[in-house]
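**Student:** If you read the protein sequences in the order shown, they are chains A and B.
Residues 1 to 172 in the UniProt record's numbering are what the first sequence spells out, letter by letter.
Residues 1 to 545 in the UniProt record's numbering are what the second sequence spells out, letter by letter.
Positions of the beta carbon are idealized from the N, C-alpha and C atoms, including for glycine.
Before we start, here is the structure in question, set down as structure tokens.
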Amino acid sequence: MLRILSKIQRIGIITEPMPATDQAVLEQVGQQLRDRVGEQFGGSLAIREVDAGSCNGCELEIHALNNPYYGIERFGVHFVASPRHADMLLVTGPVSRHMEAALRRTYDATPEPKLVIAVGECGANGGEFGVSYASCGAVANVIPVDAVIRGCPPTPLNLMRGILEAVAKRSP
Amino acid sequence: MNEAWIDALLELLAQRGIPVTPLSWSGPTPTRLISVEADDWGTLAREIKAADGRWVAGFGDWIEPRAARQGSRDGGFGEDRGENLVINACFEKNGAYLLARTAVERTTPLLPSHTPAFAAADRPERHTQDMLGVAFSDHPDARRWTRHQAWKDKDFPLRKNFPAAGQVTGPTAPDDRYRFLAAHGLGVYEIPVGPVHAGIIEPGHFRFQAVGEMVLNLEEHLGYVHKGIEKIAEGRDADGLARLAARVSGDTTVAHGWAACMAMERAAGHEIPTRAHALRALMCERERVANHLGDIGAILNDIAFTFGFYQFGRLREDWTRLSGQSFGHRFMMDRVIPGGVSTGINDAHRSAMLHQITKMRPDIQGLMAIIDDNASVEDRIDTTGYLSPEQAKGFGAIGYVGRASNVDFDVRRDAPYAPYDRLQVNVPVYHYGDVAARIKVRFHEILASFELIEQILASLPDGLIATAWRQPPAGAEGLGMVEGFRGEILTYVRFGEDGRIARFYPRDPSWLTWPALEKLVRDNIVPDFPVCNKSVNGSYSGHDL
């Protein structure tokens with residue numbers, strides 16, 4: 001136990017402030033986020049992540065949002081286990097045809113008001129996989145999408161920006 | 001690598017009067033290639049089983065009548081019968097691989113199954129059945145596997161008359177009629193889980209039969225992230241295939257990219273610079289370490305030891321950032337290209353990597369000491385999810401799942417490819433087969449990868465990082481084997497006209513570890529399923545294709 005405590009003390013808090021270069025933009029987004037999340041989501045934004053056919057690359061970077069460097073929970077954003085608890089769906093793609101029904105059902109199970117973000121090149125436009133007998137392509141081909149975060153995969157920082165911007169953009 | 005077992009096998013088959021035709025590759029694929037008659041397909045598997053060989057992979061192919069004749073002893077397929085289907089199966093023993101193939105007529109595609117001899121062949125054969133329409137006569141399980149409801153049961157996506165766009169008429173129906181094994185009795189109940197899971201993970205369906213908290217049986221139903229990778233690979237050029245291969249499984253982007261490029265380069269007889277070999281291995285080892293760090297953290301999270309989760313998450317992020325700074329992409333995606341690699345590193349990157357290892361090694365050893373001494377961690381991982389050495393061998397399990405259950409195989413050491421043929425590869429093996437052993441293997445693999453990275457960086461060759469790709473003639477084919485973080489990846493590539501891909505089959509190691517998960521979770525409590533699952537960490541995308 002002592003070793004655990006000493007390790008924790010030695011490592012300290014490593015959570016980073018947003019990079020200085022984007023400070024102005026992010027402060028603005030952060031302010032809007034606090035306002036909007038406050039108004040629309042009772043001060044906390046619950047995200048349900050849905051892998052609708054991804055290669056798992058996007059998931060790794062979404063995971064990273066919860067590591068101690070990015071610590072996305074400090075913005076009142078957390079990931080939940082059920083769409084019924086969610087304000088936002090973070091959907092990676094391409095949407096495989098075998099996941100089409102599950103994605104629709106997940107969307108239907110998410111209470112209004114809800115936001116949908118399509119993540120990654122595949123979620124945005126089908127990426128390397130496009131539309132085929134097995135793939136519906138972009139998330140927007142299956143459910144309504146409010147915002148898109150591009151990248152293959154998007155970096156954790158870009159994911160964070162995308163989530164903040166999507167919330168800020170939404171009018172109450 | 002010792003091919004004596006193959007010679008002994010061929011001699012035995014000759015004594016039995018079973019005709020075998022040796023074939024040759026278009027390029028330097030170091031794998032023996034033979035063809036046998038369709039009727040002898042089952043016998044071949046039984047003999048290899050008797051010789052203690054391992055079933056590695058199986059995949060079908062469509063081939064032009066002319067080429068198909070070459071694969072048949074007496075050339076007995078007339079032009080008028082049109083297309084023929086070629087079925088391949090790959091075996092390994094003592095690091096020596098054997099690829100066997102046979103052909104069946106498209107009109108009566110029936111073949112003896114390898115599943116009675118090798119459990120590992122079960123799902124791959126069902127995949128071939130769904131994708132190419134080959135029936136395996138004595139297969140113990142006739143159910144579909146990869147196909148859900150996106151195409152009809154008489155349609156086969158890998159047949160030439162099946163358009164890549166398919167014949168989509170509307171939304172795809174949910175696959176809610178798959179026939180799971182059922183259990184009956186007092187107090188027996190079912191838990192359906194997925195395809196959308198509670199965590200940030202890939203989709204698949206798990207059907208549990210349980211009594212109280214005890215798992216009686218688990219059945220997996222995968223295929224949800226089937227993206228038609230094999231079909232949409234057709235017609236791509238070499239660069240396009242490398243990009244697709246890099247997205248077979250995002251966590252294995254380097255190793256899958258490497259295996260595909262290795263297969264293409266062998267098909268084309270294309271030599272790559274020694275610096276490119278070294279950089280590929282450097283990236284592959286970095287990928288292995290990143291995944292092991294992340295997964296050890298995630299396993300600890302699944303047993304609510306959040307200290308470990310955050311510490312290993314921190315280390316993974318440190319590691320991933322340096323990969324990003326050195327190679328321009330946090331996962332080093334698309335850095336392996338046909339003919340070499342697309343990014344070099346400079347001296348600053350080299351020093352940073354060496355410095356990082358010096359710093360991280362004691363950090364990880366310290367963390368493992370804490371984990372080892374923690375009674376509550378021990379309580380959750382010791383004896384949990386036990387896979388016996390016999391079971392692991394029976395399933396053909398490889399990678400850390402195999403190595404935690406005494407399956408002592410690693411492509412880098414046993415069938416070495418450049419640059420590992422000049423490096424010292426340490427392979428940790430344990431026999432006690434539980435979650436703790438799988439963590440232990442991964443921990444020691446991290447340390448082994450550190451040593452490999454140090455060896456690579458100590459003698460990083462100068463020179464070019466790639467040579468210009470020259471497209472091979474139609475019919476050129478090659479096989480690539482790479483030890484990814486989950487274990488052996490096998491990738492087959494065949495070229496058609498104009499340097500375009502005619503067939504691409506990447507066999508992710510997950511094909512051989514998913515079945516082991518069903519077994520090792522039995523008699524565990526349902527709440528231990530997540531930690532059992534994470535300790536195996538099969539890829540859904542790499543499996544579903």
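Over what stretch of residues does the beta strand (DSSP E) that includes residue 136 of chain A continue unbroken?
**Tutor:** Position 136 of the first sequence, counted from the first residue, corresponds to residue 136 of chain A. No beta strand (DSSP E) contains residue 136 of chain A, which DSSP labels as neither H nor E.
**Student:** Measure the C-alpha to C-alpha separation of residue 97 of chain B and residue 453 of chain B and round it to an integer number of angstroms.
**Tutor:** Residue mapping note: residue 97 of chain B aligns to position 97 of the second sequence, counting from 1. Residue mapping note: residue 453 of chain B aligns to position 453 of the second sequence, counting from 1. Each residue's alpha carbon lies about 27 Å from the other.
**Student:** Scan the stretch 212-229 of chain B for residues whose Cβ lies nearer than 7 Å to a Cβ of chain A and list them as they occur along the chain.
**Tutor:** So the close ones are 223, 224, 225, 226, 227 and 228.
**Student:** Nearest to residue 289 of chain B by CA position, among B:279, B:316, B:310 and B:267, is which residue?
**Tutor:** Here residue 289 of chain B refers to the residue found at position 289 when the second sequence is read from its first residue. Taking only the C-alpha atoms, the option nearest residue 289 of chain B is B:316.
**Student:** Suppose contacts are defined by Cβ-Cβ distances below 9 Å. Is residue 99 of chain A in contact with residue 52 of chain A by that definition?
**Tutor:** For the purposes of this step, residue 99 of chain A is identified with residue 99 of the first sequence, where counting begins at 1. For the purposes of this step, residue 52 of chain A is identified with residue 52 of the first sequence, where counting begins at 1. Their beta carbons are under 9 Å apart, which means residue 99 of chain A touches residue 52 of chain A by this criterion.
**Student:** How would you list, in chain order, the residues of chain A whose beta-carbon sits under 7 Å from the beta-carbon of residue 310 of chain B?
**Tutor:** Within the second sequence, numbered from 1, the residue matching residue 310 of chain B stands at position 310. Residues of chain A passing the Cβ test: 68.
**Student:** Which one or two residues does DSSP pair with residue 565 of chain B in a beta bridge?
**Tutor:** There is simply no residue 565 of chain B to check, as chain B begins at 1 and stops at 545 in what is shown.
**Student:** Give me the DSSP bridge partner(s) of residue 85 of chain B.
**Tutor:** The residue given as residue 85 of chain B occupies position 85 in the second sequence. According to DSSP, residue 85 of chain B bridges with B:62 and B:104.
**Student:** State whether the stretch 89-106 of chain A contacts the stretch 134-153 of chain A, with contact taken as three or more CB pairs (one from each stretch) at a distance under 8 Å.
**Tutor:** A contact exists between the stretch 89-106 of chain A and the stretch 134-153 of chain A.
**Student:** Which class does residue 217 of chain B belong to by DSSP, given the choice of helix, strand or coil?
**Tutor:** For this step, residue 217 of chain B is matched to residue 217 along the second sequence. In the structure shown, residue 217 of chain B sits in a strand (DSSP, three-state: E or B).
**Student:** Who are the neighbours of residue 313 of chain B on chain A, taking C-beta pairs under 9 Å?
**Tutor:** Residue mapping note: residue 313 of chain B aligns to position 313 of the second sequence, counting from 1. The answer, in chain order, is 63, 64, 66, 67, 68 and 69.
**Student:** Give the residues from the stretch 97-118 of chain A that approach chain B closer than 7 Å (Cβ to any Cβ), ordered along the chain.
**Tutor:** Those residues of the stretch 97-118 of chain A that come within reach of chain B (Cβ to Cβ, closer than 7 Å) are 97, 98, 99, 100, 101, 102 and 106.
**Student:** Please report the residue range of the beta strand (DSSP E) in which residue 46 of chain A lies.
**Tutor:** In the first sequence, counting from the first residue as 1, residue 46 of chain A sits at position 46. Segment 45-51, the beta strand (DSSP E) holding residue 46 of chain A.
**Student:** Select from the stretch 138-154 of chain A all residues with a C-beta closer than 9 Å to any C-beta belonging to chain B, and list them in chain order.
**Tutor:** Against chain B - using a Cβ distance shorter than 9 Å - the residues of the stretch 138-154 of chain A are 142, 152 and 153.
**Student:** Could you give the first and the last residue of the continuous beta strand (DSSP E) run that contains residue 300 of chain B?
**Tutor:** For this step, residue 300 of chain B is matched to residue 300 along the second sequence. Careful: residue 300 of chain B lies outside any beta strand (DSSP E), inside the alpha helix (DSSP H) at 274-302.
**Student:** Give the DSSP bridge partners of residue 505 of chain B, in chain order.
**Tutor:** Here residue 505 of chain B corresponds to residue number 505 of the second sequence, with the count starting at 1. Answer is B:492.
**Student:** Measuring alpha carbon to alpha carbon, tell me which of B:51, B:38 and B:26 ends up nearest residue 7 of chain B.
**Tutor:** Here residue 7 of chain B is taken as the residue at index 7 of the second sequence, counted from 1. Taking only the C-alpha atoms, the option nearest residue 7 of chain B is B:51.
**Student:** Cβ of residue 56 of chain A less than 9 Å from any chain B Cβ?
**Tutor:** Your numbering for residue 56 of chain A matches position 56 in the first sequence. With 9 Å as the cut-off, residue 56 of chain A counts as an interface residue toward chain B.
**Student:** Mind pulling the chain B residues with CB within less than 9 Å of residue 169 of chain A?
**Tutor:** In the first sequence, residue 169 of chain A corresponds to position 169, counting from 1. The contacting residues do not exist; residue 169 of chain A stays about 24 Å from chain B at best.
**Student:** Give the residues from the stretch 164-188 of chain B that approach chain A closer than 8 Å (Cβ to any Cβ), ordered along the chain.
**Tutor:** For the stretch 164-188 of chain B, which is checked against every Cβ of chain A, the residues closer than 8 Å are 164, 165, 166, 167, 168, 171, 172, 173, 174 and 175.
**Student:** To test your reading of the DSSP string, which unbroken alpha helix (DSSP H) runs of 4 or more residues are found completely within the stretch 160-236 of chain B?
**Tutor:** Entirely contained in the stretch 160-236 of chain B, the alpha helix (DSSP H) runs reaching 4 residues are, in chain order, 229-233.
**Student:** For a quick check, are the C-beta atoms of residue 124 of chain B and residue 58 of chain B less than 9 Å apart?
**Tutor:** On the second sequence, position 124 is the one that residue 124 of chain B refers to. On the second sequence, position 58 is the one that residue 58 of chain B refers to. Cβ atoms of residue 124 of chain B and residue 58 of chain B: closer than 9 Å.
**Student:** So, do the stretch 473-480 of chain B and the stretch 380-397 of chain B have three or more beta carbon pairs nearer to each other than 8 Å?
**Tutor:** Flag = no, the stretch 473-480 of chain B and the stretch 380-397 of chain B do not touch.
**Student:** Tell me, which residues are paired with residue 54 of chain B by DSSP?
**Tutor:** In the second sequence, the residue the question calls residue 54 of chain B occupies position 54. Looking at the DSSP assignment, residue 54 of chain B forms a beta bridge with B:92.
**Student:** Please identify the residue among A:167, A:109 and A:93 whose C-alpha is closest to the C-alpha of residue 150 of chain A.
**Tutor:** Translated into the one-based positions of the first sequence, residue 150 of chain A becomes position 150. Answer by Cα proximity: A:93.
**Student:** Can you name the start and end residues of the alpha helix (DSSP H) that residue 242 of chain B belongs to?
**Tutor:** To locate residue 242 of chain B, count along the second sequence from 1; it is residue 242. Residues 238-245.
**Student:** Look up residue 118 of chain A in the DSSP assignment and give the residues it is bridged to.
**Tutor:** The count along the first sequence starts at 1 and reaches residue 118 of chain A at position 118. Paired residues: A:91 and A:148.
**Student:** Alpha carbon to alpha carbon, what distance is there between residue 62 of chain B and residue 80 of chain B?
**Tutor:** For the purposes of this step, residue 80 of chain B is identified with residue 80 of the second sequence, where counting begins at 1. For the purposes of this step, residue 62 of chain B is identified with residue 62 of the second sequence, where counting begins at 1. Bear in mind that the predicted position of residue 80 of chain B carries a pLDDT of just 37, short of 50, making it unreliable; the figure below should be weighed with that in mind. Going by the C-alpha atoms only, they are around 16 Å apart.
**Student:** Output yes if chain B places a C-beta closer than 9 Å to the C-beta of residue 44 of chain A; else output no.
**Tutor:** Translated into positions along the first sequence, residue 44 of chain A becomes position 44. False, the Cβ-Cβ gap to chain B never drops below 9 Å.
**Student:** Helix, strand or coil: how does DSSP classify residue 79 of chain A here?
**Tutor:** As a position in the first sequence, residue 79 of chain A is number 79, starting the count at 1. Residue state, collapsed to three classes: strand.
**Student:** Skipping 5 residues on each side, what residues in its chain have a beta carbon closer than 7 Å to that of residue 233 of chain B?
**Tutor:** Position 233 of the second sequence holds residue 233 of chain B. For residue 233 of chain B, where only same-chain residues beyond five positions count, the Cβ hits under 7 Å are 241, 244, 501 and 504.
**Student:** If you draw a straight line from the alpha carbon of residue 436 of chain B to that of residue 359 of chain B, how long is it in whole angstroms?
**Tutor:** On the second sequence, position 436 is the one that residue 436 of chain B refers to. On the second sequence, position 359 is the one that residue 359 of chain B refers to. If you take the alpha carbons of residue 436 of chain B and residue 359 of chain B, they lie about 25 Å apart.
**Student:** How would you label residue 129 of chain B, buried or exposed, when you count the other beta carbons within 10 angstroms and need 16 or more for buried?
**Tutor:** Against the second sequence, residue 129 of chain B aligns to sequence position 129. Residue 129 of chain B is buried by the Cβ-count criterion.
**Student:** Counting only C-beta atoms, is residue 37 of chain A closer than 9 Å to chain E at any point?
**Tutor:** Checking the listed chains, one finds no chain E in this structure; the protein chains it contains are A and B.
**Student:** Residues of chain B with CB under 8 Å from residue 60 of chain A, in chain order?
**Tutor:** Taking the first residue of the first sequence as 1, we reach residue 60 of chain A at position 60. What residue 60 of chain A touches in chain B: 250, 251, 294 and 331.
**Student:** In its own chain, which residues sit with a C-beta less than 8 Å from the C-beta of residue 319 of chain B, not counting the 5 before and 5 after it?
**Tutor:** On the second sequence, position 319 is the one that residue 319 of chain B refers to. Cβ within range, chain order: 286, 289, 290, 293, 356 and 360.
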